[in-house]
Amino acid sequence: MSSEENNSDEELAPMVDGLSGALCILILVSTVFILSSTDSIVTSDGGALKFRDSFTNLSKNTIYYSGAVSLSSSDLYQTRKHLVDSGKKKITLYGAVSKSVENHKAKNTFNLLKIYTDLKLPSDIEVEFKEGDSSACEKSLSCIYWSN
Numbered sequence: 002m003s004s005e006e007n008n009s010d011e012e013l014a015p016m017v018d019g020l021s022g023a024l025c026i027l028i029l030v031s032t033v034f035i036l037s038s039t040d041s042i043v044t045s046d047g048g049a050l051k052f053r054d055s056f057t058n059l060s061k062n063t064i065y066y067s068g069a070v071s072l073s074s075s076d077l078y079q080t081r082k083h084l085v086d087s088g089k090k091k092i093t094l095y096g097a098v099s100k101s102v103e104n105h106k107a108k109n110t111f112n113l114l115k116i117y118t119d120l121k122l123p124s125d126i127e128v129e130f131k132e133g134d135s136s137a138c139e140k141s142l143s144c145i146y147w148s149n
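Residues 2 to 149 (the working numbering) are what the sequence shown spells out, left to right.
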């Protein structure tokens, strides 16, 4: 190699270092913006984990859901009112999750306790939990029902 080529390589070295440093900074800034935007999305959504909407059929005394129970406040109010107005002092909630669902027993227990907590029934109503029959869920994979 000639001395002229060596000189041009030495002259370009600081420029290459500068460009690679600028590229690193650009990647870092982009990553920070991406992370901060995902944080603002969670904040705008209230930070709550949301599941697909559940729905009730009070004429059949059944709550249908997929994954986890997530009733709207009006559905919760109507279900609570329906249970309290029945006048019963003991209610049995049957949880049914299809056996094809992974960890179906644990998910069933979770959803029974979740709906019990969400309903906030009066303390004079005794609630019993039992495993139900998934055929009562019709087309849905999971449901919670109670008897009259």
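All C-beta atoms, glycine included, are put in the ideal place defined by N, C-alpha and C. Only a predicted model underlies this, so the values are computations on that prediction, with no experimental measurement involved.
Neighbourhood of residue i by C-beta distance below 7 Å, restricted to the same chain and skipping five residues each side
i, result
"Ala23", "none"
"Lys131", "Thr93, Tyr95"
"His105", "Val98, Ser99"
"Leu13", "none"
For residue i, the nearest candidate out of the options (CA to CA)
i, options, result
"Leu70", "Leu59, Lys90, Gly96", "Residue 70 is actually Val in this sequence, not Leu. Of the listed residues, the one whose Cα sits closest to Val70 is Gly96."
"Asn112", "Thr80, Lys100, Leu94, Asp76", "Leu94"
"Ser143", "Ser124, Thr118, Thr63, Ser74", "Thr63"
"Ser135", "Ser101, Ile126, Leu114", "Ser101"
Supposed close pair residue i, residue j - CB separation, criterion 8 Å
i, j, result
"Ser55", "Leu72", "5 Å"
Cut-off 8 Å between Cβ atoms - residues of its own chain near residue i, not counting five sequence neighbours on either side
i, result
"Leu120", "Leu77, Thr80, Arg81, Leu84"
"Leu122", "Arg81, Leu84, Val85, Ile92, Val128"
Counterpart residues of residue i in DSSP-defined beta bridges
i, result
"Cys144", "Tyr65, Ala97"
Spatial neighbours of residue i in its chain, beta-carbon cut-off 6 Å, leaving aside the 5 residues before and after
i, result
"Asn1", "Shown here, the chain extends from 2 to 149; a query on residue 1 therefore has no answer."
"Thr32", "none"
field: Runs of beta strand (DSSP E) wholly within the segment 57 to 141 (minimum 3 residues, chain order)
entry: Annotation note: the segment 57 to 141 contains the following uninterrupted beta strand (DSSP E) runs of length 3 or greater, listed N- to C-terminal: 63 to 66, 91 to 98, 127 to 132.
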